[in-house]
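Visitor: One structure is given below, represented as structure tokens, and several questions about it will come after.
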Ligand SMILES: Cc1ncc(COP(=O)(O)O)c(C=O)c1O
């Protein structure tokens, strides 16, 4: 069996250089734990950027995957499957929306929402083709396709891949006056993360989402919530827009929709915009395959039946309070909702990467979101007895590195 050292050497030599991983090799996972080839155990406080809300290999999701793979796995959308029907019905009813368009990655589901918005803008709102605008927020993160990075405000995400797709207007996050000004006749949609995840766990001012929803209705523009990271229990409610009782026109889901087993994403929406895209105008070979749909259905059922959002609300509030109450000089701010928390570090600590390397040495897996923000986003199945020692380790490590 390959050692950690062998694995790292092979990956470093042959894999493309688009990542710079922490030197930890993971070969087995169960629940909130993962092990390296040498048998060292790690508590997973990153949860694969919220793809692991269910933890590693959740038994109910794994059972559904095994059952389905023994029947049929991949069917093109040229045909019907029972699994597709079951998933789209469950997800439509769960969200109170009408139509579900399954894709694979989060970025593809965002792209789907953008295409739906443009098609609706031309065909229903009546904006001349090629003249629609979509309003987005500064500091956003919606994925890595060429169109999406084109409206990123992060130069390293955007600049090497110019020219950008036209038709996007970016405004400051949380700024309702800017939104009102940007929602012109030609604006067909406002795309927003209810909490900016990759942007440093930024929670908008209270009432922002509700008022943004109202403005979109008033100006006849679609409200698109990108809940790829915040959805499915992560912030202590099923969806982060639920904190403000907001119903989006389009809801974008990914990550945890795959139950920690597969990439599964979806754009879910009201019938009017969704029906603006006609047969043949959009799709994906693997999107909606019975294997993915069976896994996604089990994933959703676990979120609902096991009340993962309630656990996130309770343990998230507890973690936030513990991290704040220490008053460590190395911690400038702790923010977030549910189990999507960001610890803003004092620059003296030396950056989130430095903390993550030391945490890994001590058996806790974490990752930064911005240079000085440590993200805490463990699986939502975590228990307090597992969380407590990890919080101790995080506090201890930050204190040690503050010097
Ligand atoms: C809010 C949001 N949207 C979209 C994406 C892209 O998802 P994926 O990496 O599956 O394409 C991410 C990924 O982090 C995200 O946080």
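Numbering (the numbering used here), first residue to last: 4 to 406. Where a beta carbon is used, it is the ideal one built from N, C-alpha and C, also for glycine. No experiment lies behind these values; they were computed from the predicted model shown.
(1) Ligand 1 and residue 116: does the residue's C-beta get closer than 8 Å to at least one heavy atom of that ligand?
(2) By DSSP, does residue 37 sit in helix, in strand, or in coil?
(3) Which parts of the stretch 273-309 are runs of the alpha helix (DSSP H), unbroken and 4 residues or longer, counting only runs that do not cross its ends?
(4) Measure the Cβ-Cβ separation of residue 231 and residue 109 and say whether it is below 9 Å.
(5) Please report the residue range of the beta strand (DSSP E) in which residue 263 lies.
(6) Is residue 157 near ligand 1, judged by its Cβ being under 8 Å from some heavy atom?
(7) Strictly by DSSP, which residues pair up with residue 270?
(8) Nearer than 8 Å: is that true of the beta carbon of residue 146 relative to any heavy atom of ligand 1?
(9) What is the DSSP secondary structure of residue 199, reduced to helix, strand or coil?
(10) What would DSSP say about residue 371, mapped onto helix, strand or coil?
(11) What residue does the beta strand (DSSP E) around residue 229 start on, and which one ends it?
(12) Quick check on DSSP: helix, strand or coil for residue 188?
(13) Answer yes or no: the CB of residue 200 versus the heavy atoms of ligand 1, is any distance below 8 Å?
(14) Does ligand 1 have even one heavy atom less than 8 Å from the beta-carbon of residue 139?
(15) Roughly how many angstroms lie between the CA atoms of residue 253 and residue 29, to the nearest whole one?
(16) Report, in whole angstroms, the separation of the C-beta atoms of residue 25 and residue 360, which I expect to be a contact under 8 Å.
(17) Based on the DSSP secondary-structure assignment, which residues constitute the bridge partners of residue 174?
(18) Evaluate residue 251 with the Cβ neighbour count: other Cβ atoms within 10 Å of its Cβ, from every protein chain shown; 16 or more gives buried, anything less gives exposed.
(19) Alpha carbon to alpha carbon, how far is residue 41 from residue 195? Give it in angstroms, no decimals.
(20) Is the stretch 330-345 in contact with the stretch 307-322, if contact means three or more CB pairs nearer than 8 Å?
(21) Just to check, is the beta-carbon of residue 52 closer than 8 Å to a non-hydrogen atom of ligand 1?
(22) Do residue 267 and residue 296 count as a contact pair if the criterion is CB distance below 9 Å?
(23) Provide the residue(s) that pair with residue 17 in DSSP beta bridges, ordered along the chain.
(24) Assign residue 134 to one of three DSSP states: helix, strand, or coil.
(25) Residue 263 and residue 382 - do their beta-carbons sit closer together than 9 Å?
(26) Over what stretch of residues does the beta strand (DSSP E) that includes residue 346 continue unbroken?
(27) Hey, residue 401 and residue 348: beta-carbon distance below 9 Å or not?
(28) How many Å lie between residue 182 and residue 6 at the Cα?
(29) Sort 351, 139, 145, 160 by Cα distance to residue 172 and report the nearest one.
(30) Compare the C-alpha of residue 132 against each of 55, 118, 238, 143 and name the closest.
(31) Just to confirm, is the Cβ distance from residue 202 to residue 144 under 9 Å?
(32) Short check: CB of residue 260 to CB of residue 274, under 9 Å?
(33) Looking only at its own chain, which residues have a Cβ that is under 8 Å from the Cβ of residue 376, when we skip the five neighbours before and after it?
(34) Straight-line CA distance for residue 293 to residue 37?
Guide: Answer, in terms of the structure:
(1) no
(2) strand
(3) 274-277, 293-308
(4) yes
(5) Careful: residue 263 lies outside any beta strand (DSSP E) and carries neither H nor E.
(6) no
(7) 104, 255
(8) yes
(9) strand
(10) strand
(11) 225-229
(12) coil
(13) yes
(14) no
(15) 36 Å
(16) 6 Å
(17) 140
(18) buried
(19) 43 Å
(20) yes
(21) yes
(22) yes
(23) For residue 17, which the question treats as bridged, DSSP gives no partner whatsoever.
(24) coil
(25) yes
(26) 343-348
(27) yes
(28) 53 Å
(29) 139
(30) 118
(31) yes
(32) no
(33) 203, 204, 345, 346, 347, 348, 355
(34) 28 Å
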